[in-house]
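Below is one structure, written out as structure tokens; the observations come after it.
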Amino acid sequence: NIMKFTEGGFRDWGYQVAREEFGAKELDGGPWCILDNPETGNQITIKDVIADAMLQQVLT
2 NIMKFTEGGF RDWGYQVARE EFGAKELDGG PWCILDNPET GNQITIKDVI ADAMLQQVLT
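Each residue of the sequence shown is one higher than the last, beginning at 2 in our numbering.
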């Protein structure tokens, strides 16, 4: 399924950019990442979720 392949590619690219450009570190072995906000010092967690699951969580 081409949509699943491209979605996975964009997800992987996003995590790569977070690590290489912003110094994010993998959380518990990855793929989720964490980094510090340079302006506030607060921790930012970068996660992904399948859109269907996210919408279901929003609606319930």
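By construction, the Cβ of each residue, glycine as well, lies at the ideal position given by its N, Cα and C atoms.
For residue i, which beta-bridge partners are listed by DSSP?
{"i": "T46", "result": "I35"}
{"i": "E22", "result": "None, per the DSSP bridge assignment."}
Can you find the residues in the same chain that come closer than 7 Å, C-beta to C-beta, to residue i, ignoring five residues on each side of it along the sequence?
{"i": "C139", "result": "The structure shown does not extend to residue 139, since the chain is modelled only from 2 to 61, so the question has no answer here."}
{"i": "F23", "result": "L36"}
{"i": "P32", "result": "Y16"}
Spatial neighbours of residue i within its chain, please: CB distance less than 6 Å, with the 5 preceding and 5 following residues excluded, ordered by chain position.
{"i": "D49", "result": "R12"}
{"i": "I45", "result": "L36, N38"}
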